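Inspection log for the structure reproduced underneath, given as structure tokens.
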Amino acid sequence: MRHWHHTLRRWRVKLAHLILLPEMSEEDGAAIRQQVEDDGRLTRVFALMCGLAAGIAMLGLLQSSTAVVIGAMLVSPLMGPIAALGFGFAALDGHRIRDAAKVVMVGAAIGIMTGILITWASPIRNATPEIIARTQPTLLDLVVALLSGVAGGYASVMKKGGTAIGVSIATALMPPLTTVGYGLAVWQPAFALGALLLFLTNLSAIAFAFALVARLSGAALPERQVDWSPRYVLAGLTAFGILAVPLGLTLSQVSREAGLRKTARAAIAGATGGTNSRIAQLDVSWPLLGDPEVSALVVTPHYAGDAEQALRKALAAAGADKVTVKLQQVLAADLPAQTQAMVDAAMERTAAGIAADVPPFARIRAAIGLPTSALWVNRSERMVFAAPVAAPGWTLADYRQIEQTATQAAQGWRVAIVPPASAELTVALDGAKEDANAIKPDLAIWAVQRWGLNRVIVAGREDEIAPLLQQLQQAGIAASVTPPDPQDKSQEAKLRLSAPPSAPPSSGAQPETAPGSARTSGA
1 MRHWHHTLRR WRVKLAHLIL LPEMSEEDGA AIRQQVEDDG RLTRVFALMC
51 GLAAGIAMLG LLQSSTAVVI GAMLVSPLMG PIAALGFGFA ALDGHRIRDA
101 AKVVMVGAAI GIMTGILITW ASPIRNATPE IIARTQPTLL DLVVALLSGV
151 AGGYASVMKK GGTAIGVSIA TALMPPLTTV GYGLAVWQPA FALGALLLFL
201 TNLSAIAFAF ALVARLSGAA LPERQVDWSP RYVLAGLTAF GILAVPLGLT
251 LSQVSREAGL RKTARAAIAG ATGGTNSRIA QLDVSWPLLG DPEVSALVVT
301 PHYAGDAEQA LRKALAAAGA DKVTVKLQQV LAADLPAQTQ AMVDAAMERT
351 AAGIAADVPP FARIRAAIGL PTSALWVNRS ERMVFAAPVA APGWTLADYR
401 QIEQTATQAA QGWRVAIVPP ASAELTVALD GAKEDANAIK PDLAIWAVQR
451 WGLNRVIVAG REDEIAPLLQ QLQQAGIAAS VTPPDPQDKS QEAKLRLSAP
501 PSAPPSSGAQ PETAPGSART SGA
């Protein structure tokens, strides 16, 4: 046993020298561990600096300003508890792992809550490119986290460059945390879950890299000094499992995407002309809880009409059955034309992000389940508006239900269903529903908002419709009150949207307005 211990120590020292780590004495190692432990404590200053860093980072994400996001990390204190967590893993010290994990969780909670509050308070809630970039872990994100962890561990044991390394580490952690808060604030679960997976992946990669450097340098706590109490062992194993699972999921996703990318590249080349065609852009995405997507732009001298279908079949044969394929072919006969086409495609990609900014129209239509008379997009808000045709027997509640279903299928986009318009709605008051067509106030407000109206006429008794008027006001809808029909004794209100003109505008006649109604326009 002692022989194996000396052999492992000898190989550890050789590897440490190879990567320019000095041989650490026990006194130096103890001093470094004490410094790391002190830097990773939970204090009021730590909580305050986490809140400030998260606030600045969230504002930078909403402005899509990389400089602001990076600058926000100058005040982030996340390096301390992460280093302590890594040193705990290096020695399998459950006591220190538990203490460091608590501090990291507090910092993460502060970052998420700050993101939620700032998003709620901000008039700008657009899903900017900076936010979207942090909703799904990629291989490059994982590599950045690993290199940051190695650099951070090296700086810790060498006692150099702590601030700069802290910036690089926090850059991989605080923006995903605030993106989780953003996703919860605007209720985009796909954004929140993707950013949370990115955060946990980066955290695990950085912590394990710290552990590797601490063990190789000899700065980790010797095994004979570790407290092997069952509760600390359980705490260490739990923390290890929590961090290992997202890292494994990310590696699995990256592996699937790499295989799909390789298959797609070969299939595109075969379907569009082989060596005569060039792939200017190739974007592959295969979320853990979604279907794969392949988007490509090919510069080719000849157009291949069945290229997209051939690509879809090749990908299905490779295991991607429900793949979404978007293949664009740009014709260019000679080399200068092909080069210019590739440059133009790259510029278009940089300016607009065409591959990441296209809603999944096919999935949305399938989720709606009705023919649509119109579809339009608000890219800044990442919203898709759909106007389905009037379906026999359908109520407003049915249209609101398919809106929720379509949003779940929209992969990060929100869907707003515009139901068939009606000139008048009957709203039940105080839970009463004497008229079979009467609807609840919240459903009526939803319909008015989807029709784009900011003013309605409410016919009813003022004492009975007061709660409805308050709800309309809270929704930003102005209401004019008219008395009800004297013969109407029901506990219901009439929402009149507008009166149809008595003559078409082209006839030159002035349209008449029916009593108790007013002409309104969408806002």
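Quick note: the sequence shown uses full-length UniProt numbering, first residue 1, plus one each step.
Don't be surprised by glycine CBs; every beta carbon is placed ideally from N, CA and C.
Only a predicted model underlies this, so the values are computations on that prediction, with no experimental measurement involved.
Residue of Ser64, Val68, Gly88 and Met58 minimising C-alpha distance to glutamine 34: For the purposes of this step, residue 34 is taken as the residue at position 34 of the sequence shown. If we check each option's Cα against that of glutamine 34, Gly88 comes out closest.
8 Å contact criterion, which alanine 90 and alanine 145 should meet: CB distance rounded: Residue mapping note: residue 90 aligns to position 90 of the sequence shown, counting from 1. Residue mapping note: residue 145 aligns to position 145 of the sequence shown, counting from 1. Actually they do not touch by this definition, with Cβ atoms about 17 Å apart.
Where the alpha helix (DSSP H) containing arginine 96 begins and where it ends: One-based indexing of the sequence shown puts residue 96 at position 96. Per DSSP, arginine 96 belongs to the alpha helix (DSSP H) from 94-121.
Valine 250 vs proline 137 beta-carbon contact at 8 Å: Along the sequence shown, read from residue 1 onward, the residue named residue 250 stands at position 250. Along the sequence shown, read from residue 1 onward, the residue named residue 137 stands at position 137. The residue you asked about is not valine; residue 250 is threonine in the sequence shown. Cβ atoms of threonine 250 and proline 137: closer than 8 Å.
Beta-carbon contacts of phenylalanine 46 that lie in its chain and below 6 Å, excluding the five residues immediately before and after: Position 46 of the sequence shown, counted from the first residue, corresponds to residue 46. For phenylalanine 46, where only same-chain residues beyond five positions count, the Cβ hits under 6 Å are Pro77.
Glutamine 470 classed as buried or exposed, judged by whether at least 16 other C-beta atoms fall within 10 angstroms: Counting from one through the sequence shown, the residue named residue 470 turns up at place 470. Label assigned to glutamine 470: exposed.
Spatial neighbours of threonine 350 in its chain, beta-carbon cut-off 8 Å, leaving aside the 5 residues before and after: On the sequence shown, residue 350 is found 350 positions in, with the first residue counted as 1. Here the model assigns threonine 350 a pLDDT of 46, short of 50, so the residue's position is not dependable, and the following value carries that caveat. Once the five neighbours on either side are set aside, threonine 350 has no close Cβ partner at all.
Residues near methionine 49 by beta carbon distance below 8 Å, same chain, minus five either side: Taking the first residue of the sequence shown as position 1, residue 49 is located at position 49. Within the same chain, methionine 49 has close Cβ partners Val75, Ser76 and Pro77.
Tryptophan 376: first and last residue of the uninterrupted beta strand (DSSP E) it sits in: Here the question's residue 376 lines up with position 376 in the sequence shown. Where tryptophan 376 is concerned, the enclosing beta strand (DSSP E) stretches over 372-378.
DSSP beta-bridge partners of isoleucine 477: Within the sequence shown, residue 477 is the residue found at index 477, counting from 1. Answer by DSSP bridge pairing: none, since isoleucine 477 is not bridged.
Backbone secondary structure at leucine 85 - three-state DSSP: As a position in the sequence shown, residue 85 is number 85, starting the count at 1. Helix, per DSSP.
Alanine 304 and alanine 264 closer than 8 Å at C-beta: Locating residue 304 in the sequence shown gives position 304, counting from the first residue. Locating residue 264 in the sequence shown gives position 264, counting from the first residue. Cβ atoms of alanine 304 and alanine 264: not closer than 8 Å.
At least 3 beta-carbon pairs within less than 8 Å: the segment 146-159 vs the segment 193-212: yes
Neighbourhood of arginine 363 by C-beta, 6 Å cutoff - its chain only, sequence neighbours within 5 removed: Sequence index remark: in the sequence shown, residue 363 carries index 363 (1-based). For arginine 363, where only same-chain residues beyond five positions count, the Cβ hits under 6 Å are Ala409.
Meets three-Cβ-pair contact criterion under 8 Å: the segment 60-75 and the segment 93-102: no
Presumed contact (8 Å Cβ cut-off) between alanine 320 and proline 292, rounded CB distance: Within the sequence shown, numbered from 1, the residue matching residue 320 stands at position 320. Within the sequence shown, numbered from 1, the residue matching residue 292 stands at position 292. Contact flag correct, Cβ pair sits at about 5 Å.
Backbone secondary structure at threonine 350 - three-state DSSP: As a position in the sequence shown, residue 350 is number 350, starting the count at 1. Note that threonine 350 scores 46 on pLDDT, short of 50, meaning its location in the model is unreliable; the coordinates nonetheless yield the value given after this. Residue state, collapsed to three classes: helix.
Three-state class that DSSP yields for alanine 466 in the structure shown: Taking the sequence shown and counting its residues from 1, one reaches residue 466 at position 466. Three-state DSSP puts alanine 466 in a helix.
Cα-Cα separation between valine 481 and isoleucine 465, rounded to whole angstroms: Against the sequence shown, residue 481 aligns to sequence position 481. Against the sequence shown, residue 465 aligns to sequence position 465. In a straight line, the C-alpha of valine 481 is about 9 Å away from that of isoleucine 465.
Through-space distance from glutamate 403 to valine 299, alpha-carbon basis: In the sequence shown, counting from the first residue as 1, residue 299 sits at position 299. In the sequence shown, counting from the first residue as 1, residue 403 sits at position 403. Spanning the two alpha carbons is a distance of roughly 38 Å.
Three-state class that DSSP yields for arginine 41 in the structure shown: Residue 41 sits at position 41 when you count from the first residue of the sequence shown. Looking at arginine 41 - three-state DSSP - the assignment turns out to be coil, as it is neither helix nor strand.
Delimiting residues of the beta strand (DSSP E) encompassing glutamine 281: As a first step, residue 281 must be located in the sequence shown, where it is residue number 281. It spans 278-285 - the beta strand (DSSP E) in which glutamine 281 sits, taken as one unbroken run.
Beta carbon of valine 36 nearer than 8 Å to that of alanine 108: As a working mapping, residue 36 is identified with position 36 in the sequence shown. As a working mapping, residue 108 is identified with position 108 in the sequence shown. No.
Reduced DSSP category for proline 176 - H, G, I as helix; E, B as strand; rest coil: Stepping through the sequence shown from its first residue, residue 176 is reached at position 176. Helix.
Tryptophan 286 and leucine 260 closer than 8 Å at C-beta: Position 286 of the sequence shown, counting from 1, holds the residue named residue 286. Position 260 of the sequence shown, counting from 1, holds the residue named residue 260. Contact flag set, yes.
Burial state of alanine 155 (16 or more Cβ within 10 Å): Mapped onto the sequence shown, residue 155 falls at position 155. Buried: at least 16 other Cβ atoms inside 10 Å.
Spatial distance of threonine 201 from glycine 29 (CA atoms): Here residue 201 corresponds to residue number 201 of the sequence shown, with the count starting at 1. Here residue 29 corresponds to residue number 29 of the sequence shown, with the count starting at 1. Cα to Cα, threonine 201 sits roughly 28 Å from glycine 29.
Alanine 195 versus arginine 134: straight-line alpha-carbon distance, rounded: Here the question's residue 195 lines up with position 195 in the sequence shown. Here the question's residue 134 lines up with position 134 in the sequence shown. So the two alpha carbons sit approximately 6 Å from each other.
Backbone CA spacing between valine 254 and valine 323 [nearest angstrom]: As a working mapping, residue 254 is identified with position 254 in the sequence shown. As a working mapping, residue 323 is identified with position 323 in the sequence shown. For valine 254 and valine 323, the distance between alpha carbons rounds to 17 Å.
Contact set for threonine 128: own chain, Cβ-Cβ below 6 Å, skip 5 residues either direction: Reading the sequence shown from its first residue, position 128 is the one you call residue 128. Same-chain partners within the cutoff: Ser64.
Whether leucine 443 touches valine 458 by CB criterion (8 Å): As a working mapping, residue 443 is identified with position 443 in the sequence shown. As a working mapping, residue 458 is identified with position 458 in the sequence shown. The answer is no: Cβ separation not under 8 Å.
Among Leu142, Ala214 and Ile477, nearest to methionine 158 - alpha-carbon criterion: Mapped onto the sequence shown, residue 158 falls at position 158. Closest option to methionine 158, Cα to Cα, is Ala214.
Cβ separation of valine 415 and valine 389, assumed to be a contact under 8 Å, to the nearest whole Å: As a working note, residue 415 is residue 415 in the sequence shown. As a working note, residue 389 is residue 389 in the sequence shown. Actually they do not touch by this definition, with Cβ atoms about 16 Å apart.
Bounding residues of the alpha helix (DSSP H) (the contiguous stretch that carries proline 441): Against the sequence shown, residue 441 aligns to sequence position 441. Here the alpha helix (DSSP H) through proline 441 covers 441-450.
Euclidean distance between Cα positions of aspartate 38 and methionine 79: Here residue 38 is taken as the residue at index 38 of the sequence shown, counted from 1. Here residue 79 is taken as the residue at index 79 of the sequence shown, counted from 1. So the two alpha carbons sit approximately 12 Å from each other.
Inter-residue spacing [alpha-carbon to alpha-carbon] between histidine 302 and serine 277: Numbered from its first residue, the sequence shown carries residue 302 at position 302. Numbered from its first residue, the sequence shown carries residue 277 at position 277. About 9 Å.
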